[in-house]
Amino acid sequence: MKILGINGSPRGSRSQTLRLVRAVLDGAASAGADVELVDLCKLRIEYCNGCLVCCERGECVRDDDFAGLYRKMLASDGIVLGSPNYIDSVTAQTKTLLDRMADAIHCQLFTGKYGCAVATAGGSGADEIVAYLNRVLQTLGANTVGGLGVVLGGDPETIVPAEGKAYQLGRRLAGAIERKETYPEQEQLHAAMRERMQGLVLANKDRWHHEYDYWQTAARTP
Ligand SMILES: Cc1cc2nc3c(=O)[nH]c(=O)nc-3n(C[C@H](O)[C@H](O)[C@H](O)COP(=O)(O)O)c2cc1C
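Numbering (full-length UniProt numbering) for the sequence shown: 1 to 222.
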């Protein structure tokens, strides 16, 4: 079982969000997972330019660190996304990564994967960031097992009990993967997304050859 954690804070080792992502991974490792942590902001990932060549070919035209990280994500059973609240949203680096994943959404490439999200904020909005990141994971096809948003409020001690909760979240993530847990509400969402995405790809089949071929393969439909 492989679980990949991605921290979208640019503050490196000083990042409080990093502490949560790391605690989730520690919890998952204690439950038997192989874990890896990626410091997103150390990578060079450029903006999506909206060319949609990824839909035609299954890979991006940009030559940067995205392809390597994307391969790691696709090879993982579980994904942990972490970001601080920057002006009521995720960091630009996190959003830039997500924008590069349109092809993965069209093909529902996270189907069968599990995920969770963590976020920190100075004053408010951490739960909204968690909800957003989990929604993106679900939109990609993954099941989400929960999340943790922490408002730090200037108290350096706030993060300490939160790390304990993050550790438990990691154990839950590993357990869900192990037991292949299903969630009726999310199954409904996945079924609707698969139908919608297949319709979208069909409507663009003359250009989006890779995605059309992908959905034509009967094995893709569970
Ligand atoms: C550019 C910037 C924008 C921020 N915007 C918000 C915000 O809108 N709301 C909030 O509560 N905190 C905001 N913060 C505070 C961070 O969310 C908070 O310090 C967070 O814990 C930093 O996480 P990190 O230590 O992982 O980098 C902002 C911080 C920065 C640097």
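Don't be surprised by glycine CBs; every beta carbon is placed ideally from N, CA and C.
Remember, predicted model here, so these are calculated numbers, not experimental data.
Under 8 Å between C-beta atoms of residue i and residue j
i: Ala-126; j: Val-90; result: no
i: Leu-25; j: Ile-3; result: yes
i: Val-145; j: Val-130; result: no
i: Asn-134; j: Tyr-183; result: no
i: Val-38; j: Leu-98; result: no
i: Glu-55; j: His-210; result: In the sequence on display, residue 55 carries Cys and not Glu. Yes, Cβ-Cβ distance for Cys-55 and His-210 is below 8 Å.
i: Leu-81; j: Ile-159; result: no
Heavy atom of ligand 1 within 7 Å of residue i beta-carbon
i: Pro-156; result: no
i: Tyr-86; result: yes
i: Ala-117; result: no
i: Thr-120; result: yes
i: Ser-13; result: no
i: Leu-152; result: yes
i: Gln-93; result: no
i: Thr-139; result: no
i: Gly-123; result: yes
i: Gln-16; result: yes
i: Ser-30; result: no
i: Ser-9; result: yes
Jot down the residue ranges of each uninterrupted beta strand (DSSP E) in the stretch 31 to 84, minimum 3 residues, whole runs only, in chain order.
34 to 39, 78 to 84
For the stretch 150 to 176, which segments carrying the beta strand (DSSP E) assignment without a break, of at least 3 residues, lie completely within its bounds, in sequence order?
none
Across the stretch 49 to 61 and the stretch 72 to 88, are there enough close Cβ pairs to call them in contact, namely three or more that are closer than 8 Å?
no
Do the stretch 35 to 43 and the stretch 101 to 111 meet, that is, are 3 or more Cβ pairs less than 8 Å apart?
no
Which runs of the beta strand (DSSP E) fall wholly inside the stretch 172 to 212 and span at least 3 residues, in chain order?
none
Whether or not the stretch 157 to 168 and the stretch 25 to 34 are in contact is what I'm after, with contact meaning three or more pairs of Cβ atoms, one per stretch, closer than 8 Å; do they touch?
yes
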